[in-house]
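Only one structure is covered here, and it is reproduced in the block below.
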Ligand SMILES: [Zn+2]
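Numbering (the working numbering), first residue to last: 32 to 270.
Take a look at the structure:
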């Protein structure tokens, strides 16, 4: 009986220890994934903040085949990050997995989306000498619409220049028929509208277009998009 009790106590202690350890691992994991992933920053070089739009409860637009925008955004953002890092650029990724950056006290979907945007903005503000590149997908069911379009922050001339360079890089390399022009962001695009640094948003393509939806789900096409976006960024930083 005594031995049985001791065994019970021992088991209880063991289970408690395991629970504490699991909680510790979970918190560590959560913090690591929520805080923007970053490589060591080479002093003096600008930082490129890569923002994969939406995530977690906020799926963004939905494609013709049911794909969620957040998923495509992340895939292209990760490829872009890899390309820029390979060339020696400093990058910071706002998210590297399917998460929403909202604070824990944000309960409704609307509150979560607002909190998420504020936390993205806080990361943007953290890096002084940085440019901000947000990756999104478009959707428009009114008529046939396709092709990349880059939006820019109204607060700096550099933002427009960066947007133009990315737009023409993608057009020349990948979408020769794309007639779209870059566009100044209005207040509906909070991050660009409030940005105090060079900031653009690349709407890579239209999930509402049957053909483009399929292309955007293709890994090779995502790779090509990332490549031409990176080329535009590099031209901007080298100018
Ligand atoms: Zn979006």
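The beta carbon of each residue, even a glycine, is placed where N, CA and C say it ideally should be.
Given a cut-off of 8 Å on the beta-carbon distance, is the pair residue i and residue j in contact?
i           : j           : result
residue 290 : residue 81  : Since the first residue shown for the chain is 32 and the last is 270, residue 290 is missing from the structure and cannot be characterised.
residue 165 : residue 124 : no
residue 161 : residue 239 : no
residue 265 : residue 127 : no
residue 259 : residue 201 : yes
residue 199 : residue 230 : no
residue 91  : residue 85  : yes
residue 148 : residue 222 : yes
residue 79  : residue 114 : no
residue 77  : residue 193 : no
residue 178 : residue 129 : no
Using the beta-carbon count (16 or more within 10 Å), is residue i buried or exposed?
i           : result
residue 131 : buried
residue 97  : exposed
residue 263 : buried
residue 244 : buried
residue 235 : buried
residue 241 : exposed
residue 227 : exposed
residue 196 : buried
residue 136 : exposed
residue 212 : exposed
residue 271 : Residue 271 lies beyond the stretch modelled for the chain, which goes from 32 to 270, so this question has no answer here.
residue 134 : exposed
residue 210 : exposed
residue 190 : buried
residue 101 : buried
residue 261 : buried
Does any residue of chain C have a CB that is nearer than 8 Å to the CB of residue i?
i           : result
residue 106 : Any reference to chain C falls outside this structure, which holds one protein chain only.
Heavy atom of ligand 3 less than 7 Å from the Cβ of residue i, yes or no?
i           : result
residue 270 : This structure lacks ligand 3; its bound ligands are ligand 1.
Legend entry - Exercise answer, beta-carbon shell around ligand 1 heavy atoms below 5 Å: 84, 91 and 167
Inset, instruction - Check whether the segment 145 to 158 touches the segment 168 to 181, counting contact only when three or more Cβ pairs, one atom from each stretch, lie closer than 8 Å. - result: no
Inset, instruction - Please list the segments of the beta strand (DSSP E) lying wholly inside the segment 180 to 262, counting only runs of 3 or more residues, in order along the chain. - result: 180 to 183 and 230 to 237
Inset, instruction - Take every Cβ of the segment 94 to 110, pair it with every Cβ of the segment 252 to 262, and state whether three or more of those distances are shorter than 8 Å. - result: yes
Legend entry - Three-pair Cβ contact test at 8 Å for the segment 139 to 146 versus the segment 194 to 208: no
Inset, instruction - Just list the beta strand (DSSP E) runs in the segment 126 to 170, keeping only unbroken ones of 3 residues or longer that don't cross its boundaries, in chain order. - result: 161 to 169
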